[in-house]
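Here is the structure we will look at, set down as structure tokens.
Residue numbers (the numbering used here): 4 to 309.
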């Protein structure tokens, strides 16, 4: 059974509306269950419409991928505790980022063999790879910090922001070169540097501030999905990616305001000062002794405050 392009577009539109209703429902605990239902229904419709579209040539790999994902998802749902949700979300974000990178690489190889590359497509591929790679490596670091695999303490050194800026500038330059020359080695170098940039952006963030980073990585994963949608010509993926990207960015801003943090420090890697000054401040704070206080002391302080 194969559906027409118009029917598929209509199904995608219904899915997009359901996703929007799902986001609306998730804004309040009383409607969260309904929001989840809308989201799951929209995803089921989207998957069904995609599988029945004319673009699908073989179902073998698709069935294998869906089966593997279903098994992994079922195991995670049964075993992961609610207290471990942040690191699970970080792990899922890494999957989205890597998927965006792999889709872009596969599209480049297919289009290059067919001689169908063009400047617009090259820009879409570059965006998908860079955002996806940053999302992947950043999410891996966030997962490691939250899970306790790596130290949750911020890793800070002199010239850190300068290094990030240099890596970012070289990555952009490689993306431009890749778009102009369609050179495979430019693509490889750009991809590697984007992975490194994700690492250097997240490693200076302490474990206590990881919730904001998880929200920002959620936004990154949305933009990676949107870039993939442009690459594949999939309107639903563009819409959903934009929804996730904007909602994650807004949530990150709200969380930063509530925590008295700067959103720019989240985006560019680091909440406080940089270099040895910040490192010495962290060390000095760690060396301070603990001052004991009794209940009577607390009562006295509160009465004195009044």
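Glycine included, each C-beta is placed from N, C-alpha and C at the ideal position.
Residue i classed as buried or exposed, judged by whether at least 16 other C-beta atoms fall within 10 angstroms
i           : result
residue 116 : exposed
residue 206 : buried
residue 212 : buried
residue 184 : exposed
residue 92  : buried
residue 79  : exposed
residue 124 : buried
residue 60  : exposed
residue 107 : buried
residue 18  : buried
residue 226 : buried
residue 247 : buried
residue 64  : exposed
residue 7   : exposed
residue 38  : buried
residue 258 : buried
residue 73  : exposed
residue 14  : buried
residue 68  : exposed
residue 162 : exposed
Straight-line gap, residue i to residue j (C-alpha atoms, nearest Å)
i           : j           : result
residue 176 : residue 112 : 21 Å
residue 284 : residue 209 : Because the pLDDT of residue 284 is 49, which lies under 50, any placement of that residue in the model is unreliable, and the number read from its coordinates should be weighed accordingly. So the two alpha carbons sit approximately 14 Å from each other.
residue 104 : residue 142 : 14 Å
residue 281 : residue 229 : At residue 281 the pLDDT is 46, less than 50, meaning the model places this residue with poor confidence; the figure from the coordinates comes in the next sentence. Computed Cα separation, rounded: 36 Å.
residue 130 : residue 114 : 17 Å
residue 286 : residue 268 : Confidence at residue 286 is low in this model, with a pLDDT of 45, below 50, so its placement is unreliable and no value can be given for it.
residue 16  : residue 159 : 46 Å
residue 51  : residue 173 : 41 Å
residue 260 : residue 245 : 23 Å
residue 237 : residue 12  : 9 Å
residue 70  : residue 47  : 15 Å
residue 249 : residue 147 : 26 Å
residue 82  : residue 21  : 29 Å
Residue from the options whose Cα sits closest to the Cα of residue i
i           : options            : result
residue 25  : 78, 234, 243, 259  : 243
residue 98  : 134, 110, 81       : 134
residue 203 : 189, 34, 157       : 157
residue 41  : 23, 31, 15, 6      : 23
residue 223 : 119, 19, 76, 140   : 140
residue 200 : 227, 33, 166       : 166
residue 84  : 150, 129, 130, 54  : 150
residue 235 : 95, 254, 53, 20    : 53
residue 186 : 217, 249, 122, 138 : 122
residue 138 : 96, 162, 192       : 96
residue 3   : 218, 232, 264      : A query on residue 3 cannot be resolved here, the shown segment of the chain reaching from 4 to 309 and no further.
residue 110 : 190, 253, 297, 265 : 190
residue 364 : 49, 148, 162, 231  : Look at the range of the chain in this structure, 4 to 309, and you will see that residue 364 is not part of it.
residue 240 : 262, 49, 307, 192  : 49
residue 171 : 152, 196, 82       : 196
residue 271 : 55, 14, 251, 168   : 168
Run of the alpha helix (DSSP H) containing residue i, from where it starts to where it stops
i           : result
residue 234 : 213-235
residue 129 : 122-150
residue 3   : This structure cannot settle anything about residue 3, because the visible part of the chain is limited to 4 through 309.
residue 173 : 163-184
residue 109 : 88-117
residue 11  : 8-28
residue 158 : That residue, residue 158, is in no alpha helix (DSSP H); it is neither H nor E in DSSP.
residue 265 : Taken as a continuous stretch (DSSP letters only), residue 265 belongs to no alpha helix (DSSP H), as it is neither H nor E.
residue 210 : Unbroken run through residue 210: none, as it is neither H nor E.
residue 67  : 63-82
residue 187 : 187-205
residue 54  : 35-54
Spatial neighbours of residue i in its chain, beta-carbon cut-off 7 Å, leaving aside the 5 residues before and after
i           : result
residue 126 : 182
residue 10  : none
residue 194 : 104, 132, 136
residue 145 : 93, 205, 213, 216, 217, 220
residue 256 : 266
residue 44  : 21
residue 155 : 148, 209, 210
Contact test: residue i Cβ vs the ligand ATP heavy atom, cutoff 7 Å
i           : result
residue 153 : Absence of the ligand ATP from the depicted structure is noted, as is the absence of any ligand whatsoever, leaving it without description.
Cutoff 6 Å; reference residue i; Cβ partners in own chain excluding five residues on either side
i           : result
residue 198 : 136, 140
residue 302 : none
residue 178 : 129, 193
residue 180 : 189
residue 342 : Nothing in the structure corresponds to residue 342, since the chain is present only between 4 and 309.
Neighbourhood of residue i by C-beta, 8 Å cutoff - its chain only, sequence neighbours within 5 removed
i          : result
residue 35 : 28, 29
CB contact check: residue i to chain C, cutoff 8 Å
i           : result
residue 165 : Included in the structure is just one protein chain, with no chain C present.
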